[in-house]
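Trainee: The structure under discussion is supplied below as structure tokens; questions concerning it will follow.
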Amino acid sequence: MLKPILLVEDNPNDLELTLVALARSQLANEVVVVRDGAEALDYLLRRGEFAERPEGNPAVTLLDLKLPKVDGLEVLATIRKTEALKSMPVVMLTSSKEEQDLITSYSLGVNAYVVKPVDFKDFLRAIADLGMFWAVLNEPPPGSFRYTPPK
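First residue of the sequence shown: 1, per full-length UniProt numbering; consecutive thereafter.
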């Protein structure tokens, strides 16, 4: 069973580009899209409209930093404080090059911090590489599902 990729993005342009890049990487994982930090937490904690979603964590959460309702740093802090979520990979995918955002993200336990490239081709390549690494190449924690490519 393939685990989904959770994409938390409020910018419609960045969302569309990210989805195109993930599609081009030909990953079989479903991409679940939420548009703010509160919705991300509802999904991850299986509450509200996501109360009935299947158990289990995404293969990776691609998390924007600047989000409405609950910002990405607050989402990350909640993930790392929640026993069932704390080992889930989280990649901060942001436009921010602010050193303090980088420092705070790593101090809260982010697995990677990726600044969205401005160039379209670079953006596509960066997202495709992220998807491939976290959904296929990364060795997940014990007890997690792992994608095995067909032989």
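Cβ atoms here follow ideal geometry from the backbone N, Cα and C, with glycine treated the same way.
With respect to the alpha helix (DSSP H) encompassing T104, which residues constitute its N-terminal and C-terminal limits?
Mentor: Note, T104: alpha helix (DSSP H), E99 to S107.
Trainee: Taking the beta strand (DSSP E) that V31 falls in, what are its first and last residues?
Mentor: First-last of the beta strand (DSSP E) with V31: V31 to V34.
Trainee: Under a three-way DSSP split, which group does A51 fall into?
Mentor: Three-state result, A51: coil.
Trainee: Using 8 angstroms for Cβ pairs, my map puts A112 next to V91. What's the rounded Cβ distance?
Mentor: With a Cβ gap of about 5 angstroms, A112 and V91 count as contacting.
Trainee: Kindly indicate the opening and closing residues of the beta strand (DSSP E) around A38.
Mentor: Not the beta strand (DSSP E): A38 falls in the alpha helix (DSSP H), residues G37 to L45.
Trainee: Taking DSSP as the reference, what is the three-state secondary structure of V110?
Mentor: If DSSP states are grouped into helix, strand and coil, V110 belongs with coil.
Trainee: Could you name the residues that DSSP lists as bridge partners for V91?
Mentor: BP columns for V91 point to L62 and A112.
Trainee: Taking the CB atoms as reference points, tell me whether L63 and L93 lie closer together than 8 angstroms.
Mentor: Yes, they are a contact pair.
Trainee: Pick from V32, T82, L19 and L67: whose alpha carbon is nearest that of residue 155?
Mentor: Any answer about residue 155 is impossible in this case: the structure gives the chain only from 1 up to 151.
Trainee: Taking just the CA atoms, how far does L41 sit from D129?
Mentor: Going by the C-alpha atoms only, they are around 25 angstroms apart.
Trainee: Whose C-beta lies closer than 6 angstroms to the C-beta of L6 among residues of the same chain, with five residues either side of it excluded?
Mentor: Only V32, P58 and T61 meet the Cβ criterion.
Trainee: Based on the DSSP output, what are the partners of L7 in its beta bridges?
Mentor: Per DSSP, V33 and L62.
Trainee: Going by Cα to Cα distance, which pick from S95, L108 and P4 is closest to N11?
Mentor: Nearest of S95, L108 and P4 to N11, Cα basis: S95.
Trainee: Run through DSSP, which three-state label would N13 get?
Mentor: Looking at N13 - three-state DSSP - the assignment turns out to be helix.
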